[in-house]
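> I'd like to ask some things about the structure below.
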Amino acid sequence: MTLDEFLRSRTCFKFPKEELTNCRRVTRESLGKYEVLGTPAELDWRAKNVVTRVKDQQNCGSCWAFSAVANVESINAIKTGQLVELSEQQVVDCDKKDHGCSGGYPEQAIQ
C-alpha cells in the first residue's frame, strides 16, 4: 500500500461542511443538567454476553457501520437476552445517506 493509498483508506473522511450542520458540541455544562443515579463503579458488558466478537473492517472506512451495528446488536441482546450478529456489510451496501467505505454517521445508519 502506498502512502497515498494509506492516507485515503485509513484516515478520516472529510465530510462536506453542509453535512456537519447537525453536529452538536457536547460540553461539561450541557451534560451537567443530567443526574446519574445508581451507576456501578465498573461494568464489563462482555461478562453479561451482550457484545459480539471483535470484527475487522479491513480497508473499508466503515467504522460508522460497525459502530451502529454493534450498538443495535448489544441493545437487542440486553432487551431480548439473545445475542445475534448482524451484517455491517448490509448497512454499508444499503444505507443511502452515508458514503459506504468512504465514511458515514452511525446515527444515520441506525435510522
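Mapping of the sequence shown onto the UniProt record's numbering: position 5 corresponds to residue 5, and the numbering continues sequentially without gaps. Glycine included, each C-beta is placed from N, C-alpha and C at the ideal position.
(1) Three Cβ pairs or more, each shorter than 8 Å: is that satisfied between the region 91-98 and the region 74-82?
(2) Out of curiosity, what's the CA-to-CA distance linking Leu83 and Trp64?
(3) Below 7 Å CB to CB, which residues in the same chain sit around Val50 once its five sequence neighbours on both sides are set aside?
(4) So, using beta-carbon positions, are Ile110 and Ala70 closer together than 8 Å?
(5) If I'm right that Glu88 touches Lys48 with Cβ under 8 Å, what's the distance once you round it to whole angstroms?
(6) Cβ of Phe66 within 8 Å of Cβ of Gln57?
(7) Along the chain, where does the alpha helix (DSSP H) that runs through Asn49 open and close?
(8) Please give the ranges of any alpha helix (DSSP H) in the UniProt domain "Peptidase C1A papain C-terminal" (39-110), keeping only runs that are unbroken, at least 4 residues long and fully inside the region.
Taking the geometry as given:
(1) no
(2) 20 Å
(3) Ser74, Ala77, Ile78 and Leu83
(4) no
(5) That belief does not hold up - the Cβ atoms of Glu88 and Lys48 are roughly 22 Å apart, past 8 Å.
(6) yes
(7) Where Asn49 is concerned, there is no enclosing alpha helix (DSSP H), given that its DSSP letter is neither H nor E.
(8) 63-80, 88-94 and 106-110
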